[in-house]
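Chemist:
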Amino acid sequence: MIRFLKILLLLLTLLVVSIPLIQQQFKFIPDNCTLSGAFNEATDTTLNYSTWFNRNYQGKKELYLNENFGFRNFLVKLYKQIDFSFFKEINLPDVFIGKNDYLFSSSFFNCYSGRVYKGDKFSDSVFTNVQRLNDWLVARNKKLLLCITPSKESFYSEFLPDSCLPFINKKNYYSYYKQKALSNNIPLLDFNTYFLQIKKKSPYLLFNKNGLHWTTYGTYLALDSLLKKMSSELNKKLNLIRLSSFTLSDSAMYTDDDIGETMNLLSKIKSEKLAYPKVEYVYNQDSCYKPKVMIIGDSFYQSISTTWIPSSFFSKESWFLYYLTLAIPYDPNKKNEPYSKTDLEKELENTDIVLFFFSVGRLDEFSKHVKTLTLNDKT
128 MIRFLKILLL
138 LLTLLVVSIP
148 LIQQQFKFIP
158 DNCTLSGAFN
168 EATDTTLNYS
178 TWFNRNYQGK
188 KELYLNENFG
198 FRNFLVKLYK
208 QIDFSFFKEI
218 NLPDVFIGKN
228 DYLFSSSFFN
238 CYSGRVYKGD
248 KFSDSVFTNV
258 QRLNDWLVAR
268 NKKLLLCITP
278 SKESFYSEFL
288 PDSCLPFINK
298 KNYYSYYKQK
308 ALSNNIPLLD
318 FNTYFLQIKK
328 KSPYLLFNKN
338 GLHWTTYGTY
348 LALDSLLKKM
358 SSELNKKLNL
368 IRLSSFTLSD
378 SAMYTDDDIG
388 ETMNLLSKIK
398 SEKLAYPKVE
408 YVYNQDSCYK
418 PKVMIIGDSF
428 YQSISTTWIP
438 SSFFSKESWF
448 LYYLTLAIPY
458 DPNKKNEPYS
468 KTDLEKELEN
478 TDIVLFFFSV
488 GRLDEFSKHV
498 KTLTLNDKT
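Just add 127 to the spot in the sequence shown (first one is 1) and you have my numbering.
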């Protein structure tokens, strides 16, 4: 009897171990489980004279099989679900969990808390370049606008874990750059202060607990303020938007669940009720000026850029420079290109207004972008 049980246990073990291999070969169960996030898919390889003798075959085949065995995506999600549900572990780089399961970014927190603040002397040198750029633009009847958005960490600081509290300093890039902008008459649009002011009275959520960026509703609120500020700075009639009605949903859409989605759990973290507005023009498009805009910014502007508003309201000669990586044109006939291939001097000469668009959690990147626009005394 004992011998029979041992044999049965061995056969069951072999069967369980073989199921992924059988599924990989015969696909006897449809596998509709997909993973979210940014990753490079491994490609298959074939055994031939070249791949054998250059020793590429084994490595490439191993990577491919590791990512394509049967039920692999389901098992990855199961593993992540167990880690999250039982141990509150998040298998994502740069993400940690706060109170009430609010998700935060480690790098955003480091900037918000002032842990990466390099001091007043360094920040003064950054604003020397900002002032140079502003003077250069003003001399050519152009404008500069510094836009600072909240980060999840500054907006929901009450949900940060207690272990983070000792690392929060009074001085960070946000507090210093804001003070320098105000004292040097640099046009400033402070979304961080604005969002904190309306946080308790806002009828709809401005940040979702499962996302790192402002919600779709928050995006359109910010866009409304941005258009009005640009119109005032340029002294021109730009088209504006009106939020005419709202659809409420318990399921996050678009980028409102950006981190929750990439956690790749079997059961998604329950989302709060979110608002999705219907957006209308305020004026007839033909009666409005379309400014030539150069936007240098982070992922908070990217959520604005993915709406239909900028491509409709801005000139097709406008550009969105995403960090120091990608230049995204508003001209539908042009393609995205590496940031390094963009003729910045030419584009600056051709623009009406330059927007620096960074969140409280990404102002440590601001200095690099300012320096890029003021290299070689071009400005």
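From the three backbone atoms N, C-alpha and C, an ideal C-beta is built for every residue, glycine too.
Residue 320 by DSSP, collapsed to three states: which one?
Modeler: Residue mapping note: residue 320 aligns to position 193 of the sequence shown, counting from 1. Residue state, collapsed to three classes: helix.
Chemist: Taking only the alpha-carbon atoms, compute the straight-line gap between residue 268 and residue 358 and give it to the nearest angstrom.
Modeler: Locating residue 268 in the sequence shown gives position 141, counting from the first residue. Locating residue 358 in the sequence shown gives position 231, counting from the first residue. About 15 Å.
Chemist: Suppose the cutoff is 8 Å on Cβ atoms and the five residues either side in sequence are ignored; what does the same chain contact list for residue 233 look like?
Modeler: Taking the first residue of the sequence shown as position 1, residue 233 is located at position 106. Excluding residues within five positions, the ones whose Cβ falls inside 8 Å are 221, 222 and 223.
Chemist: On a Cα-Cα basis, can you pick out the residue from 497, 450 and 427 that is closest to residue 465?
Modeler: Against the sequence shown, residue 465 aligns to sequence position 338. Ranking the options by Cα distance to residue 465, first place goes to 450.
Chemist: Going by DSSP, what residues sit across from residue 408 in a beta bridge?
Modeler: Numbered from its first residue, the sequence shown carries residue 408 at position 281. DSSP, once it has assigned bridges, lists 368 as partnering residue 408.
Chemist: Whole angstroms are fine: how far does the CA of residue 394 sit from the CA of residue 163?
Modeler: Translated into the one-based positions of the sequence shown, residue 163 becomes position 36. Translated into the one-based positions of the sequence shown, residue 394 becomes position 267. Whole-angstrom Cα-Cα distance: 14 Å.
Chemist: With the cut-off set at 9 Å, would you say residue 390 and residue 481 are in Cβ contact?
Modeler: The residue you call residue 390 lines up with position 263 of the sequence shown. The residue you call residue 481 lines up with position 354 of the sequence shown. Result no, Cβ atoms of residue 390 and residue 481 do not sit closer than 9 Å.
Chemist: Please report how far the alpha carbon of residue 499 lies from the alpha carbon of residue 484, in whole angstroms.
Modeler: Counting from one through the sequence shown, the residue named residue 499 turns up at place 372. Counting from one through the sequence shown, the residue named residue 484 turns up at place 357. Whole-angstrom Cα-Cα distance: 15 Å.
Chemist: Output the distance between the C-alpha atoms of residue 372 and residue 440, rounded to the nearest integer angstrom.
Modeler: Sequence index remark: in the sequence shown, residue 372 carries index 245 (1-based). Sequence index remark: in the sequence shown, residue 440 carries index 313 (1-based). The straight-line gap from Cα to Cα measures roughly 21 Å.
Chemist: Should the segment 292 to 312 be called in touch with the segment 244 to 262, which here means at least 3 C-beta pairs below 8 Å?
Modeler: Short answer: they touch.
Chemist: Look at the alpha carbon of residue 471 and the alpha carbon of residue 337, and state the distance between them as a whole number of angstroms.
Modeler: In the sequence shown, the residue the question calls residue 471 occupies position 344. In the sequence shown, the residue the question calls residue 337 occupies position 210. If you take the alpha carbons of residue 471 and residue 337, they lie about 37 Å apart.
Chemist: Taking a contact to mean a Cβ-Cβ separation below 9 Å, would you say residue 231 touches residue 287 in this structure?
Modeler: Along the sequence shown, read from residue 1 onward, the residue named residue 231 stands at position 104. Along the sequence shown, read from residue 1 onward, the residue named residue 287 stands at position 160. Yes, Cβ-Cβ distance for residue 231 and residue 287 is below 9 Å.
Chemist: Using CA atoms only, rank isn't needed, just tell me which of 141, 187, 345 and 408 is closest to residue 383.
Modeler: As a first step, residue 383 must be located in the sequence shown, where it is residue number 256. That would be 345, whose Cα lies nearest to the Cα of residue 383.
Chemist: Restricting to runs no shorter than 4 residues, where is the alpha helix (DSSP H) found entirely within the segment 189 to 243?
Modeler: Those alpha helix (DSSP H) runs which fall completely within the segment 189 to 243 and span 4+ residues are 199 to 214 and 233 to 240.
Chemist: Throw me the rounded Cβ distance for the residue 497 and residue 257 pair, which I believe falls under 8 Å.
Modeler: For the purposes of this step, residue 497 is taken as residue 370 along the sequence shown, with counting starting at 1. For the purposes of this step, residue 257 is taken as residue 130 along the sequence shown, with counting starting at 1. Indeed they touch by this definition, with Cβ atoms about 6 Å apart.
Chemist: Can residue 361 and residue 437 be called in contact, C-beta distance under 9 Å?
Modeler: Position 234 of the sequence shown, counted from the first residue, corresponds to residue 361. Position 310 of the sequence shown, counted from the first residue, corresponds to residue 437. Not a contact, by the Cβ cut-off of 9 Å.
Chemist: Can you name, in chain order, every residue of its own chain whose Cβ lies under 8 Å from the Cβ of residue 432, other than the five neighbours on each side?
Modeler: Position 305 of the sequence shown, counted from the start, is the residue given in the question as residue 432. Excluding positions up to five away in sequence, the list reads 422, 447 and 455.
Chemist: In whole angstroms, what separates the C-alpha of residue 504 from that of residue 262?
Modeler: In the sequence shown, counting from the first residue as 1, residue 504 sits at position 377. In the sequence shown, counting from the first residue as 1, residue 262 sits at position 135. Legend: pLDDT at residue 504 = 44, less than 50; position of this residue unreliable, no value from coordinates given.
Chemist: Does DSSP classify residue 434 as helix, strand or coil?
Modeler: Counting from one through the sequence shown, the residue named residue 434 turns up at place 307. If DSSP states are grouped into helix, strand and coil, residue 434 belongs with coil.
Chemist: Output the distance between the C-alpha atoms of residue 425 and residue 275, rounded to the nearest integer angstrom.
Modeler: Residue 425 sits at position 298 when you count from the first residue of the sequence shown. Residue 275 sits at position 148 when you count from the first residue of the sequence shown. One C-alpha to the other measures close to 10 Å.
Chemist: By alpha-carbon positions, which one of 317, 376 and 238 ends up nearest to residue 106?
Modeler: For residue 106 there is no data in the structure shown, the boundaries of the chain being 128 and 506.
Chemist: Are residue 107 and residue 158 close, meaning C-beta to C-beta below 9 Å?
Modeler: The chain is shown from 128 up to 506; residue 107 falls before or after that span and cannot be answered.
Chemist: For residue 141 and residue 134, I'd like the C-alpha separation in whole angstroms.
Modeler: Reading the sequence shown from its first residue, position 14 is the one you call residue 141. Reading the sequence shown from its first residue, position 7 is the one you call residue 134. Taking the straight line joining both Cα atoms gives about 11 Å.
Chemist: In this structure, does DSSP put residue 293 in helix, strand or coil?
Modeler: Here residue 293 refers to the residue found at position 166 when the sequence shown is read from its first residue. Looking at residue 293 - three-state DSSP - the assignment turns out to be helix.
Chemist: Identify, in the order they occur along the chain, each residue of the same chain with its Cβ nearer than 8 Å to the Cβ of residue 493, setting aside the five sequence neighbours on each side.
Modeler: By one-based count along the sequence shown, residue 493 stands at place 366. 253, 300, 304, 483 and 485.
Chemist: DSSP on residue 396, reduced to helix/strand/coil?
Modeler: Within the sequence shown, the letter at position 269 stands for residue 396. Of the three classes helix, strand and coil, the one that applies to residue 396 here is coil, per DSSP.
Chemist: For residue 446, which beta-bridge partners are listed by DSSP?
Modeler: Along the sequence shown, one-based indexing puts residue 446 at 319. Its beta-bridge partners are 421 and 456.
Chemist: Decide if residue 435 is buried, meaning its Cβ has at least 16 other Cβ atoms within 10 Å, or exposed.
Modeler: To locate residue 435, count along the sequence shown from 1; it is residue 308. So residue 435 ends up on the exposed side.
Chemist: Once the 5 residues before and after residue 161 are set aside, which same chain residues still bring their CB inside 8 Å of it?
Modeler: One-based indexing of the sequence shown puts residue 161 at position 34. Same-chain partners within the cutoff: 200.
Chemist: Return the chain-ordered list of same chain residues with a C-beta closer than 6 Å to the C-beta of residue 501, the five sequence neighbours on each side being excluded.
Modeler: Here residue 501 refers to the residue found at position 374 when the sequence shown is read from its first residue. Only 256, 259 and 260 meet the Cβ criterion.
Chemist: Using only the alpha-carbon positions, how far apart do residue 463 and residue 169 sit?
Modeler: As a first step, residue 463 must be located in the sequence shown, where it is residue number 336. As a first step, residue 169 must be located in the sequence shown, where it is residue number 42. Cα to Cα, residue 463 sits roughly 25 Å from residue 169.
Chemist: Starting from residue 361, trace the alpha helix (DSSP H) in both directions and tell me its first and last residue.
Modeler: Here residue 361 is taken as the residue at index 234 of the sequence shown, counted from 1. Run containing residue 361: 343 to 361, per the alpha helix (DSSP H) assignment.
Chemist: Please determine, among 278, 474, 320 and 386, the residue with the shortest C-alpha to C-alpha distance to residue 306.
Modeler: The count along the sequence shown starts at 1 and reaches residue 306 at position 179. Of the candidates 278, 474, 320 and 386, the one whose C-alpha sits nearest the C-alpha of residue 306 is 320.
Chemist: Can you list, in chain order, the residues of its chain whose CB lies under 6 Å from that of residue 410, leaving out five sequence neighbours each side?
Modeler: Here the question's residue 410 lines up with position 283 in the sequence shown. 366.
Chemist: Quick one, which of 237, 475 and 265 has its alpha-carbon nearest residue 293's?
Modeler: On the sequence shown, position 166 is the one that residue 293 refers to. When only C-alpha atoms are compared, the closest one is 237.
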